[in-house]
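Notes follow once the structure below has been shown.
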Amino acid sequence: MGLLAIGSCLIVANKRTMVPFRSYFLLSISMDPSALNNPQLQQLINQEKERAMANEMIAKLTSACWDKCITGTPGSKFSSSESNCLSNCAQRYMDMSMMIVKRDKDTFHMLTRFTREAKQN
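Laid out in structure tokens, this is it:
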């Protein structure tokens, strides 16, 4: 039986069991390497990686914006200035995240093209 940790879940292979597990994407050495060729497992791994990244981004956004916008003891409702601050902070955070993803994607494509051209010469 193999163990597979993805994002915030631990998957026990052949048992279809998922339990909370705080970690980044890890593969246990005890897992049968041929299991990684299974397209369904690959799809599950990719979905869980995406879910873990989204959860991590939301946690960072929540923490950063809360620390920036909520300065006193929170009441039962946010004030209008707190609501505006949280909304603006979240939007800026999302904009910056998208900009970073685009920059990384552009860099990857540039390096791929450079490597391909270098191999041709």
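Residues in the sequence shown are numbered from 207 upward in steps of one, following the numbering used here. Virtual Cβ for every residue (Gly too), placed ideally from N, Cα, C.
| Check | Outcome |
| --- | --- |
| By the DSSP assignment, the alpha helix (DSSP H) with Ser289 in it spans what residues? | Ser286 to Gln326 |
| Three or more beta-carbon pairs under 8 Å between the stretch 260-272 and the stretch 295-303, yes or no? | yes |
| Over what stretch of residues does the alpha helix (DSSP H) that includes Asn261 continue unbroken? | Pro245 to Cys275 |
| Are Leu292 and Cys275 touching if we call contact CB-CB under 8 Å? | yes |
| From Asn290 to Lys325, what distance separates their C-alpha atoms? | 52 Å |
| Kindly indicate which three-state DSSP category Ser282 falls into: helix, strand or coil? | coil |
| Under a CB-based cut-off of 8 Å, is Met305 close to chain B? | In summary, chain B is missing from the structure at hand, where a single protein chain is found. |
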